[in-house]
Amino acid sequence: MGIDFFILMKSELLLAVIIFILLFIKVGSKEWKNEQMLNIVNVLLLVNFIAGFFGNKDGMLFNDMFKTNQLIVLEKCILNLGTFIISLQAYTWLKNHKHVLEFYMLLLASLMGMFYMISSGNLLMFYLGLELSTIPLAALANFDLEKRKSSEAAFKLIMSSAFSSGLLLFGISMMYGTTGTLNFTELSQHLDGSALQLFAFILLFTGFAFKISVVPFHLWTADVYEGSPVAITSFLSVISKGAFIFAFISVLYNVFKPLADTWYNMLFLLSVLTMVIGNLFAIRQNNLKRFLAFSSIAQVGFILVGISGSSQAGTASVIYFILIYIFSNLGAFGVIALVSALTVKEGIEDYKGFYKTNPLLTWVLTIALFSLAGIPPTAGFFGKFFLIMAGAAKGNYTLIIIAALNMIVSLYYYLRVVKAMFMDKNEQPIEKLVINNYSKLALFICVSGIVLTGFVSWVYDYIYSLSTGF
Amino acid sequence: MTNYAYVSLIPLLPLACFVVLGLWGRKRFKTFSGIVGTGSLLASTILSFYTAYQYFFVDGKVNGVYQHIIAMKYTWLQFSPNVSIDMGIMLDPISVMMIVVVTFISLMVHVFSLGYMKGEERFATYYAFLSLFTFSMLGLVLSTNIFQIYMFWELVGVSSYLLIGYYFDKPSAVAASKKAFIVTRFADLGFLIGILILAFHAETLDISTLIERLTDHQSTQFVSITTGSLLGVSILTWGLTLVFIGGAGKSAMFPLHIWLPDAMEGPTPVSALIHAATMVVAGVYLVARLFPVYSIDGAALDIVTYVGAFSALLAAVIACTQTDIKRVLAYSTMSQIGYMMFSLGVSRYGGENGLGFMASMFHLFTHAFFKSLLFLGAGAVIHLVHSNDMKDMGGLRKFMPVTHISFLIACLAISGIPPFAGFFSKEEILTAAFDSNKLIYGVALFTSGLTAFYMFRLYFSIFWKKESHLHNAHGEGTSTMKIPLIILAVCAVIAGLLPFSNFITSDGAALETHINLVFSIAPVLLALGGILLAANLYKTENNKPEKVAAALGGFYKAAHSKFYVDEVYIFVTKKIVFNLIGRPAAWIDKNIVDGLMNLIASVTEKISELIKGLQSGKVQSYTLYFFAGIVGLAAVFIYLWK
Chain A
1 MGIDFFILMK SELLLAVIIF ILLFIKVGSK EWKNEQMLNI VNVLLLVNFI
51 AGFFGNKDGM LFNDMFKTNQ LIVLEKCILN LGTFIISLQA YTWLKNHKHV
101 LEFYMLLLAS LMGMFYMISS GNLLMFYLGL ELSTIPLAAL ANFDLEKRKS
151 SEAAFKLIMS SAFSSGLLLF GISMMYGTTG TLNFTELSQH LDGSALQLFA
201 FILLFTGFAF KISVVPFHLW TADVYEGSPV AITSFLSVIS KGAFIFAFIS
251 VLYNVFKPLA DTWYNMLFLL SVLTMVIGNL FAIRQNNLKR FLAFSSIAQV
301 GFILVGISGS SQAGTASVIY FILIYIFSNL GAFGVIALVS ALTVKEGIED
351 YKGFYKTNPL LTWVLTIALF SLAGIPPTAG FFGKFFLIMA GAAKGNYTLI
401 IIAALNMIVS LYYYLRVVKA MFMDKNEQPI EKLVINNYSK LALFICVSGI
451 VLTGFVSWVY DYIYSLSTGF
Chain B
1001 MTNYAYVSLI PLLPLACFVV LGLWGRKRFK TFSGIVGTGS LLASTILSFY
1051 TAYQYFFVDG KVNGVYQHII AMKYTWLQFS PNVSIDMGIM LDPISVMMIV
1101 VVTFISLMVH VFSLGYMKGE ERFATYYAFL SLFTFSMLGL VLSTNIFQIY
1151 MFWELVGVSS YLLIGYYFDK PSAVAASKKA FIVTRFADLG FLIGILILAF
1201 HAETLDISTL IERLTDHQST QFVSITTGSL LGVSILTWGL TLVFIGGAGK
1251 SAMFPLHIWL PDAMEGPTPV SALIHAATMV VAGVYLVARL FPVYSIDGAA
1301 LDIVTYVGAF SALLAAVIAC TQTDIKRVLA YSTMSQIGYM MFSLGVSRYG
1351 GENGLGFMAS MFHLFTHAFF KSLLFLGAGA VIHLVHSNDM KDMGGLRKFM
1401 PVTHISFLIA CLAISGIPPF AGFFSKEEIL TAAFDSNKLI YGVALFTSGL
1451 TAFYMFRLYF SIFWKKESHL HNAHGEGTST MKIPLIILAV CAVIAGLLPF
1501 SNFITSDGAA LETHINLVFS IAPVLLALGG ILLAANLYKT ENNKPEKVAA
1551 ALGGFYKAAH SKFYVDEVYI FVTKKIVFNL IGRPAAWIDK NIVDGLMNLI
1601 ASVTEKISEL IKGLQSGKVQ SYTLYFFAGI VGLAAVFIYL WK
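For the protein sequence lines, the chains are A and B, in the order given.
The first sequence: position 426 = 426 (our numbering), numbered continuously.
With the second sequence counted from 1, adding 1000 to any position gets you our numbering.
Laid out in structure tokens, this is it:
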């Protein structure tokens, strides 16, 4: 304990400090303007992101309940970066919102929950982190206070989450019943693949599957994404999903390794379902937020392909993909958030002729969509390439062929948006938008991330070197 | 040892220049862009001369042998622990020589173009393309990795395509650029397969490692590539031959030479840079780069030899009959590259046996100077008379003295008259050929006589023949056009006097060479004979050429029509490939593939419509599906799929 405590829990403590600073500002007597508060928050988040890289150490705390190592720190830094970008993008929307600080307190609490979850060394700790990350999110989904859809989204999110948490707890209790422990290291030694254990594992698995919207546990996704404020939608689809995937892959690889045969087949089945159904739904969508919701479901299908690789390359490619996915998805959401905050338009139809009035935003959105579709030379291509390479190492070519076919299908709907923006004519296109510097910075970070990450090979090499084997 | 990291600036400066001019050239720089391009290239040139000095005179040599120095290496894509695509810079005698040649000639062309291209609408674009080309060519010659070569190889092809098609409002230029691109791409396919074969067996893409493994007779890689065979030919031969096909495409060797004459549609300075001095010798460079591997495979070397020699002869014969001055020069380029190729082909690795290698590189070096000089001179002539055809010329010597003298020097150099540069390199080539293959020697000797004849036919037709009646004579052109001509003319005189064999040999050790006077008599006499014959036929206006042509009859006609190679291609592609493969493929595409696609699309649409109901918006049904999912998974994974 002692000094180690502060070093090992640095990421969580930093977030806690920020939350308290915000709380003091909130209850203090001084009246702050929204712009001032947003400036402070963004600076704090930037400091938090940068501080994440320094003074790290591997170790365990609280009787092995909490663990951290370089890879976990890197994952947390990636999530910090994503949160920072989202915060920058939310500026336009939050500027006129009455409850700015509450927004951030909830958001950071949720992020802290994710950190605990990633760092957990025990099923209970994991569950606590998961709940801490979910409940504030439901409140956040309701943050467009005057919109009915926003309330609906929050309600659906909390109901579905409660249901899934119930089943997850059920799974955890059965796991405890069959193995007599909740500690990850001990747990993996007691796994023998009995039917009851398998059932408990399936319940745990579906807990994850629900959070990362794997078909058929994905149905909440579209409604929640559509109703929530864009900032929350992007947080849900990028940060929350990323955190759960980080936890998922580490739990599968480290704890449930003895059941690898079972979960490999589960991943195979579910990734095929997820890719196919996600794509089929994405084709039909006309609301851009819904469209991105389904396309992100399809993306998860590809991530499952990478996870199924069960190797060092599997871990590395998934983390690398999440990093790129953060840039690409936030690039797309950033533009949509801007347009939505300034004009309330979210339909693909509305984006016709967008290029005529806003060429720069059009290019950003195009690059982001290209990256999501995996078109070289954007980073998305390298991300997908490594995922599929990791999956292919298993030698299951059916899966790889299905993944490749789905990539082609996804091209169709991503390009549909691009076509609408560049080629379709519109009598009344979205007018020229005035973009503030925060949004510009966010978009700049995303675009440079998309362009550079693929070419700078040490990013992947670095992640690969930190990843553990299988 | 010095740090050679600065060498990376040599290609990166033109790249930066390309980006700047490409993005802002037409708006911000306009006419100033020529200065920007030339300035950045001047810096590159100075750096490459400095590099050459450092390498050749200060620290390239260890125990009398020039070393391969990896100045920089950066792993770009790691495929597996062994195989990676790297970006790097390798310094060895040939790459150092090549960067000097490329930057120097490119600089001359940049300066010349300041005058020649003045007033063009897309002046900045022109310089941007030139910079792109220079960058790609430098990247190509400095490569450490065979895949890096391939990427720059394609970039060189693209920039050549862009420059040939520079006058894109001229249909012939567009056609020529397409032709060049398609023919070389076709050849590059061979190159790519060749690379993959070699890399697959050598288990590396790194050039030094690849050479090391494939020349070591004990290594498992060597055993695997030499014992395996396909259609009775060893895998090694296949790989090397395919790589050579790529090289032959870029270097315009028969039968892939058809693009080069048409490529003359590009601006003339471009022809001087790309289609005379640099890009077209990329094939020679490629063979030279992998020469240690080629040298252990006699069959592949024989292919190189005979293709080179045949191309040299064929091109020389065709060149005698052409009337477009740039085409004559194009065929002469092809012929000279043929020399370089067969010279590599007759060579072996190391010591005295490596004479051909050294001669080939030497000829590459001297040829770059006099051939770019010829093209730039031709450019100056075309600038004055606004025509490419020698019938529109004659008697120009009074109008353009500088061009006249420099052109004459270049003609003497290419004809191999001592003491001009071409004499020395050609002597070495002939010696190497004489030592190993008398047939090749004979072809080379005869071709060198032809060379002198057609070059002086060109010279006399342009500068003598008839009295000129130019009225609109606006002089020779600006001083920026004259200065490169003078500098290159000086180089064409003195380049041959360099003790080349001390620096560049097959194994890096210095090689003693000496000019054998008796041996030189035959080629020089033949060349003089060629010149006299040309003078007799073309110095004054007369009807002798027609008589000769008539006497040769069918042969002249065939040569004039370039031996119908183009027609054969057209017949094969249009009549055979299109009809037998293209049309049926189109039918299948239209009816079966498209039909299948439409079917898939409509099925997708149907399914998508069908499952729409899942997304009802009701949370209770969502949980139902959730639960069903768990039950399904449990059923499958606990009972069925265990």
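Ideal Cβ placement from N, Cα and C applies to all residues, glycine included.
These numbers were taken from a predicted model, which means no experiment stands behind them.
Using a CB distance cut-off of 7 angstroms, F1626(B) counts as an interface residue toward chain A. Between the beta-carbon of L1430(B) and that of L1445(B) there is about 7 angstroms, and that keeps the pair under the 8 angstroms contact cut. Contact fails between the segment 200-216 of chain A and the segment 144-154 of chain A, because fewer than three Cβ pairs, one in each stretch, are under 8 angstroms apart. Just measuring C-alpha positions, the residue of A1248(B), V1293(B), Y1339(B), S1461(B) sitting nearest T1321(B) is S1461(B).
Chain A places no beta carbon closer than 7 angstroms to that of A1005(B), leaving this residue out of the contacts.
Contact between I1638(B) and F163(A) is absent: CB atoms are separated by about 22 angstroms, not below the 8 angstroms threshold. DSSP places K1073(B) in the uninterrupted beta strand (DSSP E) bounded by 1069-1078. Interface with chain A (7 angstroms Cβ-Cβ cutoff): G1530(B) is excluded. Interface annotation, R290(A): not in contact with chain B, CB-CB separation never under 7 angstroms. Unbroken alpha helix (DSSP H) stretches of 4 residues or longer found wholly inside the segment 1530-1613 of chain B: 1544-1552, 1554-1560, 1565-1570, 1583-1587, 1594-1610, given in chain order. I1085(B) places its beta carbon less than 7 angstroms from that of F1147(B).
Distances from the alpha-carbon of Y1622(B) to those of F370(A), F217(A), K26(A) put F217(A) closest. Where S1159(B) is concerned, there is no enclosing beta strand (DSSP E), although the alpha helix (DSSP H) around it starts and stops at 1146-1164.
Annotation: the continuous alpha helix (DSSP H) that includes K1426(B) extends over 1421-1436. For L61(A), the enclosing beta strand (DSSP E) starts and ends at 59-61.
Taken atom to atom, the span from the alpha-carbon of T362(A) to that of A332(A) is near 10 angstroms. In the three-state reduction of the DSSP assignment, T68(A) falls in the strand class, which pools E and B.
When the beta-carbon positions are compared, F1129(B) and L1162(B) come within less than 7 angstroms of each other. Between the segment 1288-1304 of chain B and the segment 1530-1549 of chain B, the count of C-beta pairs closer than 8 angstroms stays below three; the two stretches do not touch. Of all residues in the segment 255-267 of chain A, only T262, N265, M266 place a beta-carbon less than 8 angstroms from a beta-carbon of chain B. Within the segment 1589-1609 of chain B, contact with chain A at the beta-carbon level (separation under 7 angstroms) is assigned to T1604, I1607, S1608. The C-beta of G227(A) has 16 or more other C-beta atoms within 10 Å across all chains shown, which makes the residue buried. Taking 7 angstroms as the threshold, the shortest C-beta distance from F1112(B) to chain A does not fall below it. Under DSSP, V1062(B) shares a beta bridge with V1065(B). Interface residue (Cβ-Cβ distance to chain A less than 7 angstroms): A1634(B) is classified as such.
Beta bridge pairing from DSSP links S1234(B) with S1229(B). Looking at the backbone, the Cα of A1252(B) and that of I1182(B) are separated by about 13 angstroms. Only residues of its own chain outside the window of five on either side were considered, and among them T1403, S1406, F1407, A1410, L1485 have a CB closer than 7 angstroms to the CB of G1377(B), listed in chain order. Inside the segment 1005-1045 of chain B, DSSP marks whole alpha helix (DSSP H) runs of 4 or more residues at positions 1009-1024, from first to last along the chain.
For the C-beta of Y1150(B), not a single chain A residue is nearer than 9 angstroms; the gap to the nearest is close to 16 angstroms.
Restricting attention to A313(A), T398(A), L108(A), the CA atom closest to the CA of Y462(A) is found in A313(A). Taking 7 angstroms as the cut-off, the beta carbon of L387(A) is found no closer than this to the beta carbon of G278(A).
By the C-beta density criterion, G1508(B) is buried, having at least 16 other C-beta atoms within 10 angstroms.
For L1091(B), the uninterrupted beta strand (DSSP E) segment begins and ends at 1084-1091.
Each of G1119(B), P1584(B), T1447(B), D1589(B) was checked against the Cα of A1319(B), and the nearest Cα belongs to T1447(B).
The Cβ atoms of S1048(B) and T1134(B) do not sit closer than 7 angstroms to each other.
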